[in-house]
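What follows is a short report on a single structure.
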Amino acid sequence: MADTSEGKQSRKTALVMLGCPQLCAQTSGALFLLNELATQGLDTMVAGTSSARAHLEVADPRGHYLAGNMDIDECIAAIAEGKQDYDVSFVFIHNDAGVSYTATLASISKGVTIALIFGENADELASGLEGIRCERRIIRGGHNPRPMKRILKEVVAWVASRK
Amino acid sequence: MGCVEKMNYEVLLRHCSFREAAEYIRQHTPECYEVPPGFKIFDVHIIGVPPILVGIEGEDIIFPFTKPCHGTFLLRVRGGEEIENLRTRGKKVR
Chain A
26 MADTSEGKQS
36 RKTALVMLGC
46 PQLCAQTSGA
56 LFLLNELATQ
66 GLDTMVAGTS
76 SARAHLEVAD
86 PRGHYLAGNM
96 DIDECIAAIA
106 EGKQDYDVSF
116 VFIHNDAGVS
126 YTATLASISK
136 GVTIALIFGE
146 NADELASGLE
156 GIRCERRIIR
166 GGHNPRPMKR
176 ILKEVVAWVA
186 SRK
Chain B
-6 MGCVEKMNYE
4 VLLRHCSFRE
14 AAEYIRQHTP
24 ECYEVPPGFK
34 IFDVHIIGVP
44 PILVGIEGED
54 IIFPFTKPCH
64 GTFLLRVRGG
74 EEIENLRTRG
84 KKVR
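Line by line, the protein sequences give chains A and B. Start counting at 1 in the first sequence, then tack on 25, and there's your number in our numbering. Oh and the second sequence: position 6 is -1 in our numbering, straight run, nothing missing.
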């Protein structure tokens, strides 16, 4: 999380967590989100499966948006063991495993967790996060990235308003 | 999967939901503990929605193992020292 030692306010940190890249809106949404977070001055780490990270690396070969990335389970381990944490975490969810990762992240991180639930089962998946300490956003569809873009702009604006 | 992958494990359920794995443990294991998300067992941090259940049956531990693309697997692994760790740190359900 942001280091406020010695009276200095350091940059806020964000985590973007990606699951299986089965639905294509995830990759374009993640790149859009990385750009929005950079614009807001947040240092962002991406955690995901090997395939999800490969999608980003191929789409962003010069690393304009993707600054750092790591394996999703190594990320969970680092947070669970107190070695790393983030001020705000965004989790892209379109399956049951995504719900489980979100619930885990919300439990082990001291920061804010934002669940971005998309795909045709979004409502059902969102119900699985009832009672979990996270902000839930349901995004219609999984192929057209425009609904996701609109929600991402809203949540980044919400995050920025909490500074 | 780390060291669990190298162990002699049995898959009891595969590609299931986290709830289905928890229900199996609740119904089929004689000894059962609740642990928090991220609880470390062997070298795995358990991924899941609370309440997360881990079972003990004889010398084996039965626990959910979740992968992002494949859902949850319910594994049975020889417990060794992890059984005492679970009994000490987990909240006993049964």
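Where a beta carbon is used, it is the ideal one built from N, C-alpha and C, also for glycine.
Counting of Cβ neighbours within 10 angstroms places residue 98 of chain A among the buried residues, the total reaching 16 or more.
Contacts with chain B (Cβ-Cβ distance below 7 Å) from the segment 35 to 47 of chain A involve 44 and 45, listed in chain order.
Nearest to residue 96 of chain A by C-alpha distance, out of A/115, A/65, A/70 and A/108, is A/70.
When C-beta distances to chain A are compared with 9 Å, the residues of the segment 23 to 38 of chain B below that value are 29, 30, 31, 32, 33, 36, 37 and 38, in chain order. For the segment 111 to 137 of chain A, the beta-carbon criterion of a distance under 9 Å to any beta-carbon of chain B is satisfied by 120, 121, 122, 123, 124, 125, 126, 127, 128, 129, 130, 131, 132 and 133.
With the criterion set as a beta carbon lying under 9 Å from some beta carbon of chain B, the members of the segment 82 to 109 of chain A are 97, 98, 101, 102, 104, 105 and 106, in sequence order. One Cα belongs to residue 120 of chain A, the other to residue 145 of chain A, and the distance between them is close to 10 Å.
Taking 8 Å as the CB threshold, residue 84 of chain B stays off the interface with chain A. Under the three-state reduction of DSSP output, residue 121 of chain A falls in the helix class. Taking 9 Å as the Cβ-Cβ cut-off, the segment 56 to 82 of chain B approaches chain A at 57, 59, 60, 61, 62, 63, 64 and 65, given in chain order.
In this structure residue 3 of chain B is exposed. Its beta-carbon is surrounded by fewer than 16 other beta-carbon atoms within 10 angstroms. For residue 178 of chain A, the enclosing alpha helix (DSSP H) begins and ends at 171 to 186. Close CB contacts of residue 11 of chain B within its chain, under the 7 Å cut and outside five residues either way in sequence, are with 41, 42, 57, 59 and 65 (chain order). Three or more beta-carbon pairs drawn from the segment 103 to 120 of chain A and the segment 33 to 47 of chain A are found closer than 8 Å, and the two stretches are therefore classed as touching. For residue 74 of chain A, at least one C-beta of chain B is nearer than 8 Å to its own C-beta. The C-alpha of residue 131 of chain A is placed about 6 Å away from the C-alpha of residue 138 of chain A.
Ranking B/46, B/54, B/62 and B/71 by CA distance to the CA of residue 84 of chain B puts B/46 first.
Taking a beta-carbon distance threshold of 8 Å, residue 4 of chain B does not count as an interface residue toward chain A.
In this structure, B/15 is the residue among B/15, B/21 and B/7 with its C-alpha nearest to the C-alpha of residue 30 of chain B.
With the criterion set as a beta carbon lying under 7 Å from some beta carbon of chain A, the members of the segment 40 to 51 of chain B are 40, 41, 42 and 43, in sequence order.
A straight-line Cα-Cα distance of about 53 Å links residue 50 of chain B and residue 64 of chain A. Chain order gives no chain B residues near residue 54 of chain A, where near means a beta carbon separation below 9 Å; the closest approach is about 16 Å. Between the segment 160 to 178 of chain A and the segment 21 to 36 of chain B, the count of C-beta pairs closer than 8 Å stays below three; the two stretches do not touch.
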